[in-house]
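Keeping their order, the protein sequence lines are chains A and B.
Note that my numbering has the first sequence beginning at 1, numbered continuously upward.
Note that my numbering has the second sequence beginning at 1001, numbered continuously upward.
Glycine included, C-beta positions come from ideal geometry on N, C-alpha and C.
Quantities reported herein were computed from a predicted structural model and do not represent experimental measurements.
Have a look at the structure below before the remarks.
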Amino acid sequence: MNSLIRSYGKGLTGIFVTLTAFWLLLLIILPQAFMLDQSLWSIDKDDQLGMKIDRAYSDLGLLEYDAQQATGDTNPAVQEKIDTLKEEIATLEAQETDPPREYGLQNYTRMSSLHFSIFVKSIFYALAVTVLAFAVCYPVAFTIAKLATPQRAALLMLGLIIPYAINELLRVYAWLMILDYQGVINSLLAWMGVVSFADKTWIPFLEYPGSVFVALIYAYVLFMIFPIYNTVETLDKNQLEAAQDLGGSVFLTHWRVVLPHAKPGIAVGCIMTFMLSVGSYSVPQIMTRGKSGDWFSQLIYRQFFETQNWNVGAAYAFSLVLVCLAFILIMMKVFKVGIRDISK
Amino acid sequence: MRGKDVRLEDVVMRFGSFTAVQQTNLTINAGEFFSILGPSGCGKTTILRMVSGFIDPSEGRVLIGGEQMNGIGPAKRPTALIFQNLALFPLMSNWENVAFGLEARGVAKAKRRDRAYELMALVGLQGHEEKTPNELSGGQKQRVAIARALAVEPAVLLLDEPLSALDLKLRQYMRAELKEIQRKTGVTFIFITHDQGEALTMSDRIAVMKAGVVEQVDTVDNLYAHPRTPFVATFVGENNVLEGKISHIQDGFAIVETQQGAIRGINQDKATIGDKAMVFVRPERTKLLNGAALDNTFEVDFERRDLEGAFVNLFFKSDTGSIIVHEANLGQHKELEGRAKIGFNASDAIVMRSGELSDE
Ligand SMILES: Nc1ncnc2c1ncn2[C@@H]1O[C@H](COP(=O)(O)OP(=O)(O)OP(=O)(O)O)[C@@H](O)[C@H]1O
Ligand SMILES: [Mg+2]
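Below you can see the structure in the form of C-alpha cells.
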C-alpha cells in the first residue's frame, strides 16, 4: 500500500484501491452473499391459509348481519367479536402477502435422495472428466512445450485455439452431430456395414454418459492444456537431458522431474476443468436431450425456472460452490501448492 | 582405473547446410584429463554431445572403450555429462539429485541414500544432503552436479564449461578440487572451456579448436612451447607477432623481413623463400636490452607499463600492434621513455606461414 502510494501518488492509488474493492464487492461478495442468504431461508406456507381467511370473512359477514338486525341498542359483545375477527383477518392477510421467513439449513438437509444421488453423480462425473482431460492434455501440452520446434509449437497452439473462436454451443452441437444416431460415426459404421440405419441397429452413443464426457472434455481441454503448457514450457530443457543422461526412463523423468515442475499448472488446469464441468449446463443439456440422467446443473436450472423455488435452487447452487471450494483446497493440499503458485 | 578411452574417427557434424564440426580424428586416453579449448561457437559442445550420445555424427564413428557408440543413446553410454548450467533438479533434495541415476537403475531407496551420502562426502558436502540445490552456493551446486554424475559410475565424465559461472577465487579452488576428484576416481575427464588458463592448469592434454576444426592436440607443455598454427600461438598464452616475407632459409631457421628489420626464427612450417610469414615470440622470452645484443635486436617506441604484482608488462609500439615484454618484478623499476632496444634469441622465435590469429 505504502509503496503504491509512493509510486503512483495518493489520487491514483485511491482509484486503484476503490476499483479493486468495487470489483471484489460486485463480482465476488455480492452475488455469493445473495445466494447464501437465499439458500438459508424458506417460507413455511400454510396451505390452509386461504381457507382460513375465507372462513373468517364469512363469519364476519354473519356477525355484521347480526349487528345490523339488532338496531337501536347495539350489542357491545357482538361489536367486540367483530373487532377481534377483523384483527385476525388482518394478520392472516399479512401472512399471505408477506409470509414469514424461516431461517435454517432446511434447504440443504431436505434434498431428496434422488437429487442427492444426482449431486454425487455429477461430482463423480466431473472428477472423471477432469482425470480424463488431464490424461489427454498432459502429453499434448508436453509435446508442444518440449518436443516440437518453436514454429511447429506456435502452429499447434493456434490449431488448438481456433475452435475456441466458435461459440461453445456450436462446438457442442458439432459433437452431437458426430455422435447422433445417424451422425458421422454411425454413418461411417453403416458405410462399413457394421450397423444399419434401416434396422435401427445404430449405436446410441448419445444415451451413454460417455458422450457428455467427450463433449465436456472437448469443451474444456484448453483450460487444461494452457496452464500445463505454461508451466512445462518453463522447464529447462537441460533438466530433461540430464535425466535422460543419468538413465532415467520416460516414466521416471516425468514422475520425478516434469510433473513436480508442472504441479501448479496441473492444479490450475484440474480446478478449472472440474469447476467448469461440474457447473456446465449447456453441454449435458444438448448432449443428452433429456435421454440420460440429469446433471446437477440442470436440476438447479429447474429449481429456479420451472419449480420457481429460488431458495432450494440457491441452496443447490451454493452446495456446488462449496464442492468447488473443497476441490480447490484438496488440490492445493495434494499438489502442495499455495494460492501464490496457482495465481501465477 | 575405471576410465575408458574415447575415439572420434573421421567425425563430421552438420546442422542442415552448416558444418559445426569439420572432419575430426581425436583420441582421448583412458584416465586422462583432456580439455577441449576454443572460442565461443567453435563446436566444443557439439563434440561433447556426440560423445555423450545426444546427437550422432553426420559422418564417422564415435568409440568408447573400443566399442562403437553410434546410434546408442545417452542413457546407454558409459558417460555422464555435467551441463554448463548444471541442470540440477531444483525440486529434489541434494541427495535425491545425486541418487537420481541410481533410482533410474532400480537401486532400493535405503541403499541409494547411503551411496548418495557417501558421494556427497567425497565432494565435501556433508550436512547439505537434505537441503535443495537452491539453498546452496554456486560452488556447492557445482559439487552436487559432480556427485550426481559420479553416482552412475561413468567411465568418461564430460564437463561443459562447468566453472564459467563461478567467481575467480572459487574457480581456482574448484579446479584443484576437480583435478583431485579425477585423480581419486581415475575416470576419463573431457573438460570444455574457452579459458586457456584453466585448460593449461588442469589438463594432461588439450585440443584447441577454431570454427569446427581441431587445430592442435598436444600436451600442455608442447602446446605452449610449440604451437603449430598462428591461431594456437595467439590463443594459448600470449605471443608477440611480427609479420613479413621470408628472405633466407638456413639450417632450419628462416629470416623474415619485417618492419622491425630482418628477424630470425625456427622455420617450423618448412616455409620457402618469398612466403608471407609470421614470427611468434613469447613476451617472457622478449627482453629489454641495455647494451648486450641478442640474435634479433631492434628499437621500438615505449608505450606503457602495467604492473601485475609479481610481473611487469612493458608495452612497445610495432606495426602489428603491441610488442610486450614480460619481466619479473624485482623492484628495480627504471623510468622508460622514448625509444628502447628490445630483442630475443632466434631459438625462442617460431616462424610460421601467415594465418588467422586469435582475436582475444
Ligand atoms: N542443434 C543445432 N542446430 C543448428 N546449429 C547448431 C546446433 N547446435 C549447435 N549449432 C551451431 O554449431 C556451432 C557450434 O556450436 P557449439 O554449441 O558446439 O559451440 P561451442 O563451442 O560449445 O560454443 P560456446 O563456447 O559458446 O558454448 C554454432 O555455430 C551453433 O550455432
Ligand atoms: Mg558450448
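- In the three-state reduction of the DSSP assignment, A/His254 falls in the helix class, which pools H, G and I.
- Checking the DSSP bridge columns, you'll see B/Ser1058 has no partner listed.
- The C-alpha of B/Ala1020 lies about 10 Å from the C-alpha of B/Pro1057.
- With respect to the 8 Å criterion, A/Val232 and A/Ala141 are classified as neighbours on the basis of their beta carbons.
- Fewer than three pairs of CB atoms, one per stretch, sit closer than 8 Å, so the region 1159 to 1170 of chain B makes no contact with the region 317 to 327 of chain A.
- One Cα belongs to A/Ile330, the other to B/Ala1145, and the distance between them is close to 35 Å.
- Chain order gives the chain A residues near B/Ala1080 as Asp245, Leu246, where near means a beta carbon separation below 8 Å.
- Interface flag for A/Gln151 against chain B is unset, since no Cβ pair is found closer than 8 Å.
- Legend: CB atoms of the region 230 to 263 of chain A lying less than 9 Å from CB atoms of chain B belong to residues Asp236, Lys237, Asn238, Gln239, Leu240, Glu241, Ala242, Ala243, Gln244, Asp245, Leu246, Gly247, Gly248, Ser249, Leu252, Thr253, Arg256, Val257, Pro260, His261, Lys263.
- Listed along the chain, the chain A residues whose CB falls inside 8 Å of the CB of B/Ala1155 amount to none; the nearest CB is some 14 Å away.
- At least one heavy atom of ligand 1 is found less than 7 Å from the C-beta of B/Thr1046.
- Under the DSSP assignment, A/Ile286 falls in the alpha helix (DSSP H) whose first and last residues are 282 to 288.
- Short note on B/Phe1018: C-beta closer than 7 Å to some heavy atom of ligand 1.
- Counted as a single uninterrupted DSSP element, the beta strand (DSSP E) harbouring B/Leu1081 occupies residues 1079 to 1082.
- Taking CB atoms only, B/Arg1014 has no neighbour in chain A less than 8 Å away.
- Just measuring C-alpha positions, the residue of B/Gln1023, B/Asp1218, B/Gly1338, B/Val1062 sitting nearest B/Asp1005 is B/Val1062.
- In the same chain as B/Lys1044, and ignoring 5 residues on each side of it, the C-beta atoms closer than 7 Å to its own belong to Ile1036, Gly1038, Ile1192, Met1209, in chain order.
- In this structure, DSSP gives A/Trp310 a helical state, which the three-state scheme calls helix.
- The alpha-carbon separation between B/Val1241 and B/Thr1286 amounts to approximately 11 Å.
- At a cut-off of 7 Å, the beta-carbon of B/Asp1348 does not count as near ligand 2: no heavy atom of the ligand is closer than that.
- Put simply, the backbone Cα of B/Arg1264 is about 56 Å away from that of A/Gln244.
- Closest by C-alpha distance to B/Asn1029, out of B/Gly1186, B/Gly1124, B/Asn1296, B/Phe1311, is B/Gly1186.
- At a cut-off of 8 Å between beta-carbon atoms, B/Ala1087 makes contact with chain A.
- A distance below 6 Å between beta-carbons, with the five flanking residues on each side excluded, links B/Arg1304 to the following residues of its chain, in chain order: Phe1315.
- Within the same chain, Arg1049 come within 6 Å of B/Ile1055 by CB-CB distance, once the 5 residues on both sides are set aside.
- Annotation: B/Thr1046 to B/Val1213 spans about 12 Å, alpha carbon to alpha carbon.
- Relative to ligand 2, B/Glu1161 has its C-beta within less than 7 Å of a heavy atom.
- Considered as a whole, the region 82 to 110 of chain A harbours 106 to 109 as its complete alpha helix (DSSP H) runs of no fewer than 4 residues, in chain order.
- For the pair A/Pro260 and A/Ser39, the Cα-to-Cα distance works out to about 40 Å.
- In this structure, ligand 2 has no non-hydrogen atom nearer than 7 Å to the beta-carbon of B/Gln1196.
- For B/Gly1038, the shortest separation between its Cβ and any heavy atom of ligand 1 lies below 7 Å.
- The beta carbon of B/Arg1105 falls within 8 Å of a beta carbon belonging to chain A, placing the residue at that interface.
- A/Ala126 and A/Val221 do not touch by the CB rule: their CB atoms are close to 15 Å apart, not below 8 Å.
- For B/Pro1074, the chain A residues whose C-beta falls within less than 8 Å of its own C-beta are Glu241, Gln244, Asp245, listed in chain order.
- At least 8 Å separates the beta-carbon of B/Phe1083 from that of B/Phe1189.
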